[in-house]
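Residue numbers (numbering that gives the first Met the number 0): 0 to 379.
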Amino acid sequence: MEHTIYRGLEGVHIDTTQICRIDGLKGELIYRGYDIRELADKVSFEEVIYLLWHDDLPNAAQLEAFKTELRPHFAVPDAIFNLMREYPKTVHPMHVIQSAVSILAAFDDQADDIGLDNVRRIGAQLVAKFPTIVAGFERVRQGKEPIAPHPDLGIAANFLYMLTGETPSEAATRVMDVALVLHAEHGSNASAFIARATASTLTDVYSAISAAVGSLKGPLHGGANAAVMKALEQIDSVANVEGYVLDTLAKPAGRVMGFGHRVYRVLDPRAIILKGVSHQLAEESGDSKWFDMSLEMERVMEREMEKKGRQVKPNVDFFSASVYRMLGFPGDMYTPIFAVSRISGWMAHLYEQYADNRIMRPRLIYEGPVGRKFKPLAER
Ligand SMILES: CC(C)(COP(=O)(O)OP(=O)(O)OC[C@H]1O[C@@H](n2cnc3c(N)ncnc32)[C@H](O)[C@@H]1OP(=O)(O)O)[C@@H](O)C(=O)NCCC(=O)NCCS
């Protein structure tokens with residue numbers, strides 16, 4: 000029998016969704032009908048979470064009620080910090096998030112209830128706790144005490160506050176908010192798919208989310224932002240960029256991190272916004288090294304990809320690397336920051352998946368041997 004194989008599930012639609020639409024030919028991304036460019040410009044991360052979890056943006060009263068609902072959930076159990084203190088300092092922070100999610104399940108006696116109200120309750124817990132976990136681990140691995148969340152600050156400002164204990168400037172908070180808004184949701188990407196596929200067995204939210212965190216960590220997905228920074232650090236100057244790109248492309252299956260996308264054939268709209276943010280931070284700080292190197296890499300890649308007839312453009316992870324660097328974050332925290340944002344999108348997908356579930360069960364075409372003659376152990 001003839002079977003079609005869709006490697007990497009390219010072109011496969013697993014369901015319908017109300018959450019997000021990507022037009023890869025126009026370079027358009029909408030969350031529930033709203034253009035990402037307008038959202039990045041005008042709303043806070045909390046408004047976007049509300050939008051992803053409901054039908055529309057909140058009005059002022061709904062937003063206030065939502066913030067009030069989240070506030071008590073910012074704190075995390077001491078057990079999470081105690082375990083962090085035992086970890087080797089070299090552990091990847093994404094492993095720390097994954098284990099923290101499992102510990103949160105252990106502390107939740109309703110963890111296995113996948114009724115919609117309970118799933119929403121857990122969603123509010125996780126979206127509020129992720130920044131505390133990521134910032135707390137950064138403190139713990141520096142031998143410092145975690146800083147308790149500030150009751151008067153929103154998620155973006157609180158994240159920055161919990162790293163240093165200082166109330167962040169409005170400008171830094173705004174950049175953080177923009178980054179969180181841009182990374183919140185992106186359709187059936189690998190980690191959202193993994194969250195949905197895991198939930199499709201009707202397992203619990205914590206299991207689905209820890210699987211998604213593991214998926215996001217990979218360098219072809221959310222791990223790309225850290226890989227971009229690693230490359231920029233290795234290259235170290237604008238003059239070395241061209242040689243690096245050409246050497247990388249000359250290798251078999253060589254990939255320049257932060258470029259290319261399964262869906263976009265034109266520039267990712269999130270990359271355009273982050274490029275602007277990166278430029279602005281470079282101008283404000285008077286140190287444009289990382290931005291200039293990024294621009295040069297974009298220029299060389301554009302030329303080289305055009306020669307190959309490939310439409311491989313910068314993606315969201317490319318300019319987020321220089322933005323996070325200029326905000327002072329260590330490289331291995333870039334992907335965890337992605338998770339701090341994307342937990343909102345994953346939860347939106349779980350609401351849809353649990354509400355109308357069918358188990359995900361694709362197939363493989365077996366090409367191994369058949370009809371082998373069995374030999375007892377003594378004869379093998
Ligand atoms: C994102 C990504 C995994 C998409 O993968 P995909 O849809 O399976 O696309 P492919 O890997 O098949 O790439 C298609 C073609 O573009 C080229 N290409 C894609 N991304 C490239 C990159 N980053 N550098 C160089 N070439 C690239 C491939 O060489 C391939 O050409 P080929 O068929 O001649 O080998 C891929 O572009 C990639 O590895 N990018 C780098 C990692 C990254 O930034 N990930 C974050 C995504 S938001």
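Cβ atoms here follow ideal geometry from the backbone N, Cα and C, with glycine treated the same way.
Beta-carbon contacts of R36 that lie in its chain and below 7 Å, excluding the five residues immediately before and after: Locating residue 36 in the sequence shown gives position 37, counting from the first residue. Within the same chain, R36 has close Cβ partners P268, I272.
Identity of the residue in R302, R138, A155 nearest E45 by Cα: Taking the sequence shown and counting its residues from 1, one reaches residue 45 at position 46. Answer by Cα proximity: A155.
Closer than 7 Å: D316 CB and nearest ligand 1 heavy atom: As a working note, residue 316 is residue 317 in the sequence shown. Yes, the Cβ of D316 comes within 7 Å of a heavy atom of ligand 1.
Nearest-angstrom beta carbon gap, D203 and A338 [assumed within contact, 8 Å]: The residue given as residue 338 occupies position 339 in the sequence shown. The residue given as residue 203 occupies position 204 in the sequence shown. Actually they are not in contact, since the Cβ atoms of A338 and D203 sit about 18 Å apart, beyond 8 Å.
Distance, R84 Cα to F129 Cα: Numbered from 1 along the sequence shown, position 130 holds the residue referred to as residue 129. Numbered from 1 along the sequence shown, position 85 holds the residue referred to as residue 84. Approximately 17 Å between the Cα atoms of the pair.
Top-ranked residue by Cα proximity to V95, from K216, E297, E165: For the purposes of this step, residue 95 is taken as residue 96 along the sequence shown, with counting starting at 1. Ranking the options by Cα distance to V95, first place goes to K216.
Bounding residues of the beta strand (DSSP E) (the contiguous stretch that carries L28): The residue you call residue 28 lines up with position 29 of the sequence shown. Note, L28: beta strand (DSSP E), 27–30.
Limits of the unbroken beta strand (DSSP E) element including I21: By 1-based counting over the sequence shown, the position of residue 21 is 22. Here the beta strand (DSSP E) through I21 covers 19–22.
Close beta carbons around V90, own chain, < 6 Å, minus the five adjacent residues each side: In the sequence shown, residue 90 corresponds to position 91, counting from 1. The answer is none, since no qualifying residue turns up.
Of the listed residues I18, K41, T3, H12, nearest to G32 (C-alpha basis): As a working note, residue 32 is residue 33 in the sequence shown. Among I18, K41, T3, H12, the Cα nearest to that of G32 belongs to I18.
Environment of Y353 [buried if 16+ CB atoms lie within 10 Å]: Within the sequence shown, residue 353 is the residue found at index 354, counting from 1. Buried: at least 16 other Cβ atoms inside 10 Å.
Cβ contact (3+ pairs, closer than 8 Å) linking the region 330–347 and the region 291–306: no
Contacts around I193, its chain only, beta-carbon distance under 6 Å, and the 5 residues preceding and following it disregarded: The sequence position of residue 193 within the sequence shown is 194, counting from 1. Excluding positions up to five away in sequence, the list reads A210, A211, S214.
Anticipated Cβ contact below 8 Å, S190 with M359, distance rounded: The residue given as residue 190 occupies position 191 in the sequence shown. The residue given as residue 359 occupies position 360 in the sequence shown. Between M359 and S190 the Cβ distance is about 14 Å, and since that is not below 8 Å, they are no contact.
Residue range of the unbroken alpha helix (DSSP H) whose run includes I35: On the sequence shown, position 36 is the one that residue 35 refers to. I35 -> alpha helix (DSSP H) spans 35–41.
Cβ contact check for the region 142–149 and the region 112–122: 3 or more pairs under 8 Å: no
Nearest neighbour of D107, chosen from L115, S98, Q124, P167 [CA to CA]: Sequence index remark: in the sequence shown, residue 107 carries index 108 (1-based). Among L115, S98, Q124, P167, the Cα nearest to that of D107 is on Q124.
Buried or exposed by the 16-neighbour rule on C-beta atoms within 10 Å, applied to P87: Sequence index remark: in the sequence shown, residue 87 carries index 88 (1-based). Exposed, because fewer than 16 other Cβ atoms sit within 10 Å of the Cβ of P87.
Near ligand 1: L82 beta-carbon under 7 Å from a heavy atom: Along the sequence shown, read from residue 1 onward, the residue named residue 82 stands at position 83. Not under cutoff, so the answer is no.
Boundaries of the alpha helix (DSSP H) in which G153 is found, first to last residue: Within the sequence shown, the letter at position 154 stands for residue 153. Taken as a continuous stretch (DSSP letters only), G153 belongs to no alpha helix (DSSP H), as it is neither H nor E.
Ligand 1 heavy atom lying under 7 Å from the CB of M256: As a working note, residue 256 is residue 257 in the sequence shown. Indeed, a heavy atom of ligand 1 lies less than 7 Å from the Cβ.
Residue from A99, P361, V244 with nearest C-alpha to I208: For the purposes of this step, residue 208 is identified with residue 209 of the sequence shown, where counting begins at 1. If we check each option's Cα against that of I208, A99 comes out closest.
At least 3 beta-carbon pairs within less than 8 Å: the region 226–233 vs the region 276–287: no
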